[in-house]
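> Be aware that the sequence shown starts at 1, since it is given in this note's numbering, and climbs by one per residue. Heads up, the beta-carbon is just placed ideally off N, CA and C, and yes, glycines get one too. Model, not experiment: these values are computed from the prediction.
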Amino acid sequence: VSAPWAAEVKAFYAMPALVAFCAIIAAGWNFFTQKNRALRNLLWLVVIVWAFASFSAFWIRGDGAETWRSRAVGEIQANHFAEAEKDLARALQLAPDDFGNHQLMAETLQQLGETGQAMQQYAQALAIQPDSPDTLNALAKIYAVGQGADAERGARLAERACALTASRRPDFVLTLAVARANAGQLSEALSTAERARDIASLN
């Protein structure tokens, strides 16, 4: 099954079995509650507690960081990046040490063309999770297109991302190649680009 909703048809086949299952539960309920009043009260208490727990488990807090982050994801999917930035800013106020919020904010800011702010968000995400290959590569790509010291820093970040993934990601290796080229390391950049091509061909 490649999609989660593909199991809905098979779930429908099992639904008629619920009729017999409910009948058994009802018969058992009548059997036990009619014999013992104390047991009946206990069963009702269990049902009420279970119902309350189930209801409260799905209660959505409007002031929670996850709520604002979920709103932002919906806005991003609709390409409403300005609104997503506002929602993520609220999420970060509530959970400033959340890696995912910083990562998502950085990606959103890049879509808005706010590269400098995006770099700051990537840096804050790395301060929380220094060994995140995707974050290292994302920040490396920004530095890689620069020149001199910026490109060299991009190369260092890309090297770390490649090391963490055992150089199995051709896009990470390609970022390293670009960074090395802009840093003036032309021979290393050429061999790295060839390695990225070879890895991509294997995948």
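#1: Could you name the residues of the same chain whose beta carbon sits closer than 8 Å to that of Phe32, not counting the 5 residues immediately before and after it, in chain order?
#2: Counting only the same chain and skipping the five closest in sequence on each side, list residues whose C-beta sits under 7 Å from that of Ala140.
#3: Buried or exposed: which applies to Leu88, given that a residue is buried once 16 or more other Cβ atoms fall within 10 Å of its Cβ?
#4: In this structure, does DSSP put His80 in helix, strand or coil?
#5: Mind checking which residues open and close the alpha helix (DSSP H) that includes Val173?
#6: Given a cut-off of 8 Å on the beta-carbon distance, is the pair Asn101 and Ala91 in contact?
#7: Is the beta carbon of Ala149 less than 8 Å from the beta carbon of Pro170?
#8: Could you pull out every residue in the same chain whose Cβ sits closer than 6 Å to the Cβ of Ala72, ignoring the five residues on either side in sequence?
#9: Between the alpha carbons of Trp5 and Ala14, how many angstroms are there, rounded?
#10: Would you mind sorting Ile76 into buried or exposed? The rule is 16 or more other CB atoms within 10 Å of its CB.
#11: Contact check, Leu136 vs Gln121 under 8 Å by CB: the rounded distance?
#12: Which whole-angstrom value is the C-beta distance of Ala125 and Ser132, which I expect to be below 8 Å?
#13: Can you tell me the Cα-Cα spacing of Ala3 and Ala183, whole angstroms?
#14: Can you give the Cα-Cα distance for Ser56 and Val47, rounded to whole angstroms?
#15: Check whether the Cβ atoms of Phe99 and Gln129 lie closer than 8 Å to each other.
#16: My parser needs the alpha helix (DSSP H) runs of 4 or more residues fully inside the segment 122-166; what are they?
#17: I need the boundaries of the alpha helix (DSSP H) containing Ala196, first residue and last residue.
#18: Rounded to the nearest angstrom, what separates Glu66 and Lys35 at their Cα positions?
#19: Taking Asn101 as part of the alpha helix (DSSP H), name the residues at either end of that continuous run.
So, from the data block:
#1: The sequence position of residue 32 within the sequence shown is 32, counting from 1. Excluding sequence neighbours, Phe32 sits near Leu39, Arg40, Leu43.
#2: Position 140 of the sequence shown, counting from 1, holds the residue named residue 140. Gly154, Leu157, Ala158, Ala161, Thr175, Ala179.
#3: In the sequence shown, counting from the first residue as 1, residue 88 sits at position 88. Buried is the call here.
#4: The residue you call residue 80 lines up with position 80 of the sequence shown. In the structure shown, His80 sits in coil (DSSP, three-state: anything other than H, G, I, E or B).
#5: Start at 1 with the first residue of the sequence shown, and residue 173 comes out as number 173. It spans 170-182 - the alpha helix (DSSP H) in which Val173 sits, taken as one unbroken run.
#6: To locate residue 101, count along the sequence shown from 1; it is residue 101. To locate residue 91, count along the sequence shown from 1; it is residue 91. Yes; because the gap between Cβ atoms is below 8 Å, this pair is in contact.
#7: Here residue 149 refers to the residue found at position 149 of the sequence shown. Here residue 170 refers to the residue found at position 170 of the sequence shown. Contact: no.
#8: The residue given as residue 72 occupies position 72 in the sequence shown. Same-chain partners within the cutoff: Ala84, Asp87, Leu88.
#9: Here the question's residue 5 lines up with position 5 in the sequence shown. Here the question's residue 14 lines up with position 14 in the sequence shown. Low confidence applies to Trp5: its pLDDT is 48, below 50, so where it sits in the model is not reliable enough to give any reading.
#10: In the sequence shown, counting from the first residue as 1, residue 76 sits at position 76. By the neighbour-count rule (16 or more Cβ atoms within 10 Å), Ile76 is buried.
#11: Numbered from its first residue, the sequence shown carries residue 136 at position 136. Numbered from its first residue, the sequence shown carries residue 121 at position 121. Their Cβ separation, rounded to whole angstroms, is 14 Å, which puts Leu136 and Gln121 out of contact at 8 Å.
#12: Along the sequence shown, one-based indexing puts residue 125 at 125. Along the sequence shown, one-based indexing puts residue 132 at 132. Indeed, because the Cβ distance is near 7 Å, the residues count as touching under 8 Å.
#13: Taking the sequence shown and counting its residues from 1, the one referred to as residue 3 is at position 3. Taking the sequence shown and counting its residues from 1, the one referred to as residue 183 is at position 183. No answer about Ala3 holds up, because its pLDDT of 48 lies below 50 and its placement is not dependable.
#14: As a first step, residue 56 is located in the sequence shown; it is residue number 56 there, counting from the start. As a first step, residue 47 is located in the sequence shown; it is residue number 47 there, counting from the start. One C-alpha to the other measures close to 14 Å.
#15: Indexing the sequence shown from 1 puts residue 99 at position 99. Indexing the sequence shown from 1 puts residue 129 at position 129. Yes, the Cβ-Cβ distance between Phe99 and Gln129 is below 8 Å.
#16: 133-144, 149-164
#17: Translated into positions along the sequence shown, residue 196 becomes position 196. Ala196 -> alpha helix (DSSP H) spans 186-202.
#18: For the purposes of this step, residue 66 is identified with residue 66 of the sequence shown, where counting begins at 1. For the purposes of this step, residue 35 is identified with residue 35 of the sequence shown, where counting begins at 1. Answer to the nearest angstrom: the Cα atoms are 48 Å apart.
#19: Counting from one through the sequence shown, the residue named residue 101 turns up at place 101. Counting along the chain, the alpha helix (DSSP H) containing Asn101 begins and ends at 99-111.
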